[in-house]
Amino acid sequence: MLLVTGVSGSLGSLVAQRLAGREDRADDVVLGTRAGLPGTRLVDFDAPATLPEAFAGVDTLLLISAGYGEDDVVIARHEAAISAAEAAGVGHIVYTSLSGDGDHLTYSLAHRWTERRLRRSSVDWTVLRNGLYAEFLTWIATPDADNRITGPLGEGRLAAVAREDLAEIAVRVATAPAAHAGRTYELVGERPLGGADLARALGAAYAPGSLADARAAIAASGAEAFQVPMLTGTYSAIAHGFMDGTEVKSDLRELLGREPLDALEVFVAAVEAAAVPRG
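So the sequence shown is numbered by our numbering: it starts at 28 and just counts up by one.
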């Protein structure tokens, strides 16, 4: 039996949709949510007492990172999940981590800790090191009311990847995990995108501001305290050339068995779907 956690999140919901179409495995897949919604199992990493029942009878656990929080909170969640999986006799954990070129990001620590914990665990494991989503660019590079992209991306580029591609790979690996045991896959995009590329695709201007201005704007937006350095650091890592995919060898195309979705097209579609004012 395969248990998928975090199906109320953006990646988890796409994984759940793909699995729903696999009628041949309908009885072998269960979904986990913190809310314990109808048709799902209650899986609350902040309440470890819920996990033994949630993991009962599970052969493979697709552990979608519970990354919304400070490092100690996220690490405690992942420790609870892995320990409970060991105790329940889960045979394989597939974990959605962060790409190797993301080591300069503030939120990489919890991912790397979890990878180390899996290597020390008593279960088989596979790590999917996901690149930043193309859809994430709508958070940091959407044109303002004057139709300008002002995010401080400098001359840097991001090897963004479509969330749909990552969901497809997660399903493929989690439904046939034995062939991927002990493997760590880098899943970054093949076409790195810069601020000028994004602006051109939207018919906008690119006028990058400073990191200080971005930090102030994020803090004033009502973001959680930990999100301010997280997002500012992401801008900096992209702007200074650490996220363009050149430092990692991507396994994206090999695992998909096809050409990846065009990240620029995905970004444009996400902006338009959000109906963000563009002038």
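Quick reminder that beta carbons are idealized off the backbone N, C-alpha and C, glycines included.
Note that the structure is predicted; figures quoted are calculated from it, not measured.
Contact check, residue i vs residue j, beta carbons under 8 angstroms
| i | j | result |
| --- | --- | --- |
| R156 | S126 | yes |
| V198 | L30 | no |
| V293 | E162 | yes |
| Y122 | V154 | yes |
| T261 | I245 | no |
| G129 | P179 | no |
| L38 | R190 | yes |
| T67 | H119 | no |
| G183 | A266 | yes |
| G221 | A186 | no |
C-alpha distance - residue i paired with residue j, whole-angstrom precision
| i | j | result |
| --- | --- | --- |
| L159 | D289 | 14 angstroms |
| A111 | D278 | 30 angstroms |
| A239 | A43 | 39 angstroms |
| E286 | P219 | 15 angstroms |
| R139 | S124 | 8 angstroms |
| G96 | F253 | 7 angstroms |
| A247 | V255 | 10 angstroms |
| L225 | V295 | 8 angstroms |
| T273 | V298 | 26 angstroms |
| L78 | L64 | 15 angstroms |
| L132 | M270 | 10 angstroms |
| A81 | D192 | 28 angstroms |
| A206 | I102 | 27 angstroms |
| A301 | G116 | 43 angstroms |
| V85 | G181 | 46 angstroms |
| P304 | L291 | Residue placement at P304 cannot be trusted, given a pLDDT of 46 that sits under 50; what the coordinates show is reported in the next sentence. One C-alpha to the other measures close to 19 angstroms. |
| T177 | R242 | 13 angstroms |
| L164 | L89 | 25 angstroms |
| M257 | I167 | 12 angstroms |
| A142 | S92 | What sits at residue 142 in the sequence shown is Glu, not Ala. Going by the C-alpha atoms only, they are around 11 angstroms apart. |
| A137 | A203 | 26 angstroms |
For residue i: DSSP bridge partner residues
| i | result |
| --- | --- |
| V188 | Y160 |
| A232 | R175 |
| R280 | DSSP, once it has assigned bridges, lists no residue as partnering R280. |
| R227 | Paired residue(s): none; R227 is not in a bridge. |
Boundaries of the alpha helix (DSSP H) in which residue i is found, first to last residue
| i | result |
| --- | --- |
| H119 | Here H119 belongs to no alpha helix (DSSP H); instead the beta strand (DSSP E) covers H119 to L125. |
| E80 | L78 to A81 |
| Y262 | Q254 to A266 |
| G96 | Neither: G96 is in no alpha helix (DSSP H) and is coded neither H nor E. |
| L214 | Taken as a continuous stretch (DSSP letters only), L214 belongs to no alpha helix (DSSP H), being part of the beta strand (DSSP E) at R210 to L214. |
| T141 | S135 to R147 |
| L291 | A290 to A300 |
| G116 | No alpha helix (DSSP H) holds G116; DSSP gives it neither H nor E. |
Residue range of the beta strand (DSSP E) that includes residue i
| i | result |
| --- | --- |
| T87 | T87 to I91 |
| L30 | L29 to V31 |
For residue j and residue i, believed in contact at Cβ under 8 angstroms, the rounded distance
| i | j | result |
| --- | --- | --- |
| A234 | P170 | In fact, because the Cβ distance is near 10 angstroms, the residues do not count as touching under 8 angstroms. |
| E106 | S148 | Not a contact, Cβ separation roughly 10 angstroms. |
| L41 | A223 | Going by Cβ atoms, the distance from L41 to A223 rounds to 29 angstroms, so no, they are not a contact pair. |
Residue-chain proximity (residue i, chain D), Cβ-Cβ < 8 angstroms
| i | result |
| --- | --- |
| A47 | Of the protein chains in this structure there is only one, and it is not chain D. |
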